[in-house]
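Contents: one structure, followed by commentary.
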Amino acid sequence: MSQVLVSPFLLAKVQKPARYIGGEWNSVVKDHAQMAVSVALAFPDVYEVAMSHLGLKILYHIIDAIPDAVAERVYAPWPDMEKIMREHGLPLHTLETKKPVREYDIFGFTLQYEMCCTNVLNMLDMAGIAIWSEARTEEDPLVIAGGPCVYNPEPLAPFIDVFFVGESEESVVEMIDVQRRWKEEGKPGGRRELLRRMVVIEGNYVPAFYRDEYTAAGDFLRLVPLDEAAPRSIRKRVIADVENLPVPLRPILPHIESVHDRAVLELFRGCTRGCRFCQAGMLYRPVREKTPEILVDIAEELVNNSGYDEISLMSLSSADYSRLPELVDMLMARFADRRVSVSLPSLRVDSFSVDIANKVQQVRKSGLTFAPEAGSQRLRDVINKGVFEDDLVQACSHAFKSGWNTVKLYFMLGLPTETDEDLKGIADLAYLVSDLYRELTGKVNCRITVSVSTFVPKPFTPFQWMGQLPLEEMRRRQDYIKGQIRNKNITYNYHDAKTSVLEGVLARGDRRVAKAIYEAWKNGARFDGWTEFFDYERWLAAFAAAGIDPAYYAQRHRDPAEPLPWDHIDCGVTKDYLALEWRRAQTGALTRDCRREACSGCGVCPLLQVNVVDGMGGTDGKTTFVYHQR
Amino acid sequence: MGRLRLSITKGEPLRFLGHLDFLRAMERALRRSNLPLAYSEGFNPRMKVSYDTALGVGVTADPLYMDIELTEDIAKADVAAQLRPQLPGGIELRECHYVDPKARKLMAFINYEYYELTAPLINSYTNEELTAALTEFNARKEIPFRKVTPKKVRDIDVRPIVPEAVTGRVEGEYIYLYFGLQLTQIGSIKPGELWKILVTEHGVPGAEDTFLCQRGEVYFRDEKGRLHSPFEEAVR
Chain G
1 MSQVLVSPFL LAKVQKPARY IGGEWNSVVK DHAQMAVSVA LAFPDVYEVA
51 MSHLGLKILY HIIDAIPDAV AERVYAPWPD MEKIMREHGL PLHTLETKKP
101 VREYDIFGFT LQYEMCCTNV LNMLDMAGIA IWSEARTEED PLVIAGGPCV
151 YNPEPLAPFI DVFFVGESEE SVVEMIDVQR RWKEEGKPGG RRELLRRMVV
201 IEGNYVPAFY RDEYTAAGDF LRLVPLDEAA PRSIRKRVIA DVENLPVPLR
251 PILPHIESVH DRAVLELFRG CTRGCRFCQA GMLYRPVREK TPEILVDIAE
301 ELVNNSGYDE ISLMSLSSAD YSRLPELVDM LMARFADRRV SVSLPSLRVD
351 SFSVDIANKV QQVRKSGLTF APEAGSQRLR DVINKGVFED DLVQACSHAF
401 KSGWNTVKLY FMLGLPTETD EDLKGIADLA YLVSDLYREL TGKVNCRITV
451 SVSTFVPKPF TPFQWMGQLP LEEMRRRQDY IKGQIRNKNI TYNYHDAKTS
501 VLEGVLARGD RRVAKAIYEA WKNGARFDGW TEFFDYERWL AAFAAAGIDP
551 AYYAQRHRDP AEPLPWDHID CGVTKDYLAL EWRRAQTGAL TRDCRREACS
601 GCGVCPLLQV NVVDGMGGTD GKTTFVYHQR
Chain H
1 MGRLRLSITK GEPLRFLGHL DFLRAMERAL RRSNLPLAYS EGFNPRMKVS
51 YDTALGVGVT ADPLYMDIEL TEDIAKADVA AQLRPQLPGG IELRECHYVD
101 PKARKLMAFI NYEYYELTAP LINSYTNEEL TAALTEFNAR KEIPFRKVTP
151 KKVRDIDVRP IVPEAVTGRV EGEYIYLYFG LQLTQIGSIK PGELWKILVT
201 EHGVPGAEDT FLCQRGEVYF RDEKGRLHSP FEEAVR
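Line by line, the protein sequences are chains G and H.
Residue 376 in my numbering sits at position 376 of the first sequence, and the numbers go up by one each step.
Residue 81 in my numbering sits at position 81 of the second sequence, and the numbers go up by one each step.
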């Protein structure tokens with residue numbers, strides 16, 4: 001087995017060389033000579049960001065638990081390190097044993113956000129693997145990908161051999177079995193046969209087995225299966241019983257300060273609040289909670305094995321965990337004499353949560369965070385964000401009386417049916433909170449941060465047919481809000497809208513967008529999610545070179561009847577349901593959380609044969625149905 | 001109960017950890033060891049731990065001294081037995097001894113540090129040539145140097161900072177230098193600054209910015225030049 005050794009004299013020249021050294025506490029080193037299957041797990045961003053991702057930790061744990069399989073980590077080298085590696089002919093390699101990625105059986109990416117696409121290509125290239133799938137040989141690893149972006153896999157389809165759709169705790173073990181057997185049999189039928197065996201695993205999409213077709217007018221028409229092994233539709237994998245899921249109890253401790261560098265406890269999966277802009281809410285249904293009992297045991301193991309002094313309660317909307325007060329109390333009791341604090345990433349907008357916040361440290365550090373998302377009740381109803389002004393007032397009152405003076409408010413602009421009136425509402429809410437503080441405390445030192453991001457419609461949401469705002473209009477609205485806020489206690493944050501334009505194309509593009517990604521990468525695009533590296537002009541040039549009109553993908557209003565490039569993926573929520581929600585959005589009709597109220601017919605439970613699992617009965621005794629549009 | 005002084009190492013695997021990163025790794029190891037550590041009072045309690053210096057990114061050390069405060073009586077052999085299994089690769093525990101709780105803080109005590117500096121040669125160089133260059137340097141009565149920091153620029157004399165002869169050897173394509181740096185009234189210099197002087201003023205064929213350091217033994221060096229180990233203040 002070869003090793004890529006980077007001289008310490010070279011490492012001394014790059015920023016944060018500890019990103020590349022490996023050997024962290026709890027990292028697992030196995031003898032590759034004894035292994036039947038090897039997997040390089042890749043997060044296509046820099047170490048500090050990658051190390052916080054729970055999904056890869058889970059897969060790492062699962063794969064290493066298999067006696068004859070090994071998983072090692074590899075992340076995107078920062079541009080200064082990339083330069084040195086290329087200059088010295090040092091290929092991309094994993095952290096644990098410095099083995100070149102190209103020598104692995106499987107090279108797996110997690111695709112958490114669209115903007116990392118050029119890093120994917122760059123990592124393939126740095127590994128010495130052909131970027132285009134069709135050019136790969138038996139000597140190349142199988143290149144796979146998972147994560148939320150695979151629900152519209154098409155823009156990256158020509159570069160990835162197999163997409164794993166959904167929760168892959170089980171399918172990754174099946175993948176190892178397939179790989180092992182194929183190797184043992186002497187790799188019969190070559191790469192093609194391996195792909196055929198991989199596609200049999202439920203939830204797997206092999207792009208090479210489909211041809212993309214377009215109408216004469218140039219619109220996406222369909223994907224045609226080319227191999228009899230290829231299914232017409234790929235349904236996501238979902239784990240029905242999360243209580244007994246394998247949990248990584250030995251977290252790898254990052255060498256350098258990373259995001260979320262604490263013991264992470266996954267409380268539950270899924271969220272059925274039904275906010276219409278939110279892709280995660282649709283993709284990860286149904287809600288499945290773990291019990292407080294098992295969570296506390298997991299927490300204790302995590303702390304014992306790591307030395308972390310903070311436990312973070314993570315999920316899509318942690319404050320919605322049905323037995324949260326109980327869980328917090330149990331955790332506080334278990335760790336009473338051990339100086340371990342508990343943190344919650346965000347709170348629901350109600351005073352009940354503020355009581356919890358009193359017990360929980362995160363909030364003490366950085367102030368309260370709420371996400372009203374829209375400035376007016378009308379628009380909040382359109383997006384189905386069940387937050388009422390009164391809730392915000394109550395929650396903030398409670399908080400201010402308890403001593404907090406810092407509040408962060410998250411909003412979006414560019415939502416459907418939005419008018420300037422709604423944008424003014426954002427400012428009004430901020431002023432409301434600021435005035436409230438002064439009324440209650442008599443002081444004027446509150447710090448309110450208003451953070452407004454630009455909405456990008458995503459696949460598998462009710463807003464997936466909506467045309468995104470053009471750049472100039474995004475900017476106009478950003479400036480409009482700025483003009484409405486003139487108070488030294490209120491800070492207004494917003495990001496360069498150009499990144500949202502790119503995100504819009506990548507999120508809802510078809511396979512033709514791949515060529516633009518390739519062009520952009522070839523011309524130096526990397527770390528596009530980072531403002532210091534994102535180059536809009538380069539992307540415009542890449543679109544032009546690939547013959548792509550970005551507005552066609554991002555800004556065009558789509559007809560609900562038109563075929564979508566992601567129609568072949570099945571996330572359990574039916575297209576009819578999404579279309580129904582899109583229509584309901586227009587009038588601001590509210591859809592309730594099916595955990596507590598009636599089923600709204602999204603389809604996930606009956607179609608995928610799963611149930612909501614939560615501490616308040618879930619879907620016990622509830623009738624679920626699949627909404628069909630006549 | 002008491003103040004325990006440890007000598008540990010920051011080894012090659014952790015060369016590129018900065019001081020804060022190293023602190024965090026050590027703190028977590030200490031937490032995992034379940035030793036009865038003392039914490040500070042107040043809103044944000046911190047573990048009561050102190051080090052002899054803040055080692056930068058790119059420097060290894062053997063030894064690195066640290067003091068920890070314990071709230072219970074525990075034999076130092078037991079401390080070692082609990083702590084050693086929790087130390088990550090790159091950190092070793094060499095020794096530990098209880099010291100007088102009133103003993104000076106490590107950072108205030110230590111004023112003399114030995115270093116080994118390694119650098120690739122950019123031209124051919126023999127041991128004879130090196131010896132000549134070092135003899136020249138060691139014989140100098142004054143060594144003026146412009147010390148530039150973000151805050152100010154000062155002209156200092158490096159001679160008192162390097163009271164002992166610098167030695168070294170050439171082996172293959174690398175040069176190895178050994179020297180001690182004193183913290184004086186006028187301050188001190190960094191190992192890289194000594195390297196810079198040798199490269200720019202004494203013809204050592206190296207690149208100013210390409211070298212690696214290991215910090216060796218450290219002491220309190222008194223006016224007579226005697227070396228006092230941090231463990232001299234050990235009580236039991």
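We put the CB at the ideal spot given by N, CA and C, even for glycine.
Item to complete: In angstroms with no decimal places, state the Cα-to-Cα distance between SER133 (chain G) and ALA12 (chain G).
Response: Looking at the two C-alpha atoms, the distance is approximately 36 Å.
| Does GLY192 (chain H) get closer than 7 Å to chain G when you measure Cβ to Cβ? | Residue contact check for GLY192 (chain H) against chain G: no CB pair falls below 7 Å.
Using a beta-carbon distance below 7 Å, is ILE21 (chain G) in contact with chain H? It does: the Cβ of ILE21 (chain G) has a partner Cβ on chain H nearer than 7 Å.
Between the CA atoms of VAL165 (chain G) and VAL172 (chain G) - distance to the nearest angstrom: Distance between the alpha carbons of VAL172 (chain G) and VAL165 (chain G): 11 Å.
Under 6 Å Cβ to Cβ from ILE670 (chain G), same chain only, skipping five residues before and after it: list those, please. Here chain G covers residues 1 to 630 and nothing more, so residue 670 (chain G) does not appear.
Using DSSP's beta-bridge definition, name the partner residues of ASN204 (chain G).
The secondary-structure analysis by DSSP pairs ASN204 (chain G) across a beta bridge with G:PHE164.
**Q.** Any alpha helix (DSSP H) of 4 or more consecutive residues that is wholly inside the region 126-196 of chain G
**A.** Counting only unbroken stretches of 4 or more residues, the alpha helix (DSSP H) elements lying wholly within the region 126-196 of chain G are 169-184, in sequence order.
Name the chain G residues that come within less than 8 Å of TYR39 (chain H), Cβ to Cβ? Under the 8 Å cutoff, chain G gives ARG339.
Next on the checklist: My parser needs the beta strand (DSSP E) runs of 3 or more residues fully inside the region 539-586 of chain G; what are they?
Outcome noted: Listed in chain order, nothing qualifies, since the region 539-586 of chain G has no complete beta strand (DSSP E) run of 3 or more residues.
Counting pairs of beta carbons, one from the region 501-515 of chain G and one from the region 458-469 of chain G, are three or more of them closer than 8 Å? Yes, since at least three Cβ pairs between the region 501-515 of chain G and the region 458-469 of chain G fall closer than 8 Å, the two stretches touch.
Residues near GLU233 (chain H) by beta carbon distance below 7 Å, same chain, minus five either side
Contacts found: VAL99, ASP100, ALA103.
> Among G:ASN122, G:VAL328, G:VAL610, G:LEU344, which has the Cα closest to the Cα of ARG237 (chain G)?
Replying inline: Nearest of G:ASN122, G:VAL328, G:VAL610, G:LEU344 to ARG237 (chain G), Cα basis: G:VAL610.
Residues that ASP155 (chain H) contacts on chain G, provided the C-beta gap is smaller than 7 Å:
Those within 7 Å of ASP155 (chain H) in chain G number zero; the least Cβ separation is about 28 Å.
**Prompt:** For the alpha helix (DSSP H) that contains ALA516 (chain G), what are its first and last residues?
**Reply:** Run containing ALA516 (chain G): 513-522, per the alpha helix (DSSP H) assignment.
Open item on the list: By the 8 Å beta-carbon criterion, what residues does the region 24-39 of chain G contribute toward chain H?
Closed with: Within the region 24-39 of chain G, those residues whose Cβ lies closer than 8 Å to any Cβ of chain H are, in chain order, GLU24, TRP25.
Could you tell me the boundaries of the alpha helix (DSSP H) in which PHE22 (chain H) lies? For PHE22 (chain H), the enclosing alpha helix (DSSP H) begins and ends at 19-32.
Open item on the list: Quick check: the Cα distance between VAL39 (chain G) and ALA65 (chain G), rounded to an integer number of angstroms?
Closed with: The straight-line gap separating the alpha-carbon atoms of VAL39 (chain G) and ALA65 (chain G) is approximately 13 Å.
Problem - chain G contact residues for ASP52 (chain H), given Cβ-Cβ distances below 9 Å - result: Correct list: empty, because the minimum Cβ distance to chain G is about 21 Å.
**Item:** Which of helix, strand or coil DSSP assigns to PHE335 (chain G)
**Value:** PHE335 (chain G) carries a coil assignment under DSSP once its states are collapsed to helix, strand and coil.
task = Mind reading off the beta-carbon distance from HIS568 (chain G) to LEU283 (chain G)? Whole number of angstroms is fine, and I expect it under 8 Å.
result = Not really, about 15 Å apart at Cβ, beyond 8 Å.
Handout entry: Listed by chain order, chain H residues near ASP309 (chain G) by CB distance under 8 Å
Key = Ordered by position in chain H, the residues that pass the 8 Å Cβ test against ASP309 (chain G) are ARG31.
Practice prompt. Leaving out five residues on either side along the sequence, give the residues of the same chain with a beta carbon under 6 Å from the beta carbon of GLU223 (chain H).
Written response: For GLU223 (chain H), where only same-chain residues beyond five positions count, there are no Cβ hits under 6 Å.
- Message: Taking 7 Å as the threshold (C-beta atoms), are ARG339 (chain G) and ASN305 (chain G) in contact?
- Response: With respect to ARG339 (chain G), ASN305 (chain G) sits apart: the two C-beta atoms are not nearer than 7 Å.
State buried or exposed for ALA516 (chain G), treating a residue as buried only when at least 16 other CB atoms are found within 10 Å of its CB. The residue is buried, with at least 16 neighbouring Cβ atoms inside 10 Å.
Task: Which of helix, strand or coil DSSP assigns to ASP614 (chain G) - done: Assigned with DSSP and collapsed to three states, ASP614 (chain G) falls in coil, not helix or strand.
task = Tell me, please, which residues DSSP counts as bridged to HIS228 (chain H).
result = DSSP lists H:PHE220 as partners of HIS228 (chain H).
Do we get a CB-CB distance below 7 Å when we pair PRO8 (chain G) with the residues of chain H?
-> Closer than 7 Å: yes.
- Task: Give a yes or no on whether 7 Å exceeds the smallest Cβ distance from PRO17 (chain G) to chain H.
- Result: At least one chain H Cβ lies under 7 Å of PRO17 (chain G).
Using the three-state DSSP reduction, which class does HIS97 (chain H) fall into: helix, strand or coil?
HIS97 (chain H) falls in the strand class under three-state DSSP.
**Prompt:** Going along chain H in order, which residues have a C-beta closer than 7 Å to the C-beta of ALA12 (chain G)?
**Reply:** Ordered by position in chain H, the residues that pass the 7 Å Cβ test against ALA12 (chain G) are GLY58, LEU212.
- Item | SER434 (chain G) vs ASN493 (chain G) beta-carbon contact at 7 Å | Cβ distance not < 7 Å, so SER434 (chain G) and ASN493 (chain G) don't count as in contact.
**Request:** Kindly indicate if chain G contains any beta-carbon less than 7 Å away from that of ARG84 (chain H).
**Result:** So no, ARG84 (chain H) is outside the interface.
- Where does GLN279 (chain G) fall in DSSP's three states? GLN279 (chain G) carries a helical assignment under DSSP once its states are collapsed to helix, strand and coil.
Distance cut-off 6 Å: GLU113 (chain H) Cβ against heavy atoms of the ligand ADP
Looking for the ligand ADP in the displayed structure turns up nothing, as the structure carries no ligands at all.
Quiz item: Any chance the region 273-292 of chain G sits against the region 380-395 of chain G, with 3 or more Cβ pairs inside 8 Å?
Solution: Verdict: yes, contact present.
- Item | C-beta atoms of SER376 (chain G) and LEU344 (chain G) nearer than 7 Å | In this structure, SER376 (chain G) sits away from LEU344 (chain G), with a CB-CB distance that is not shorter than 7 Å.
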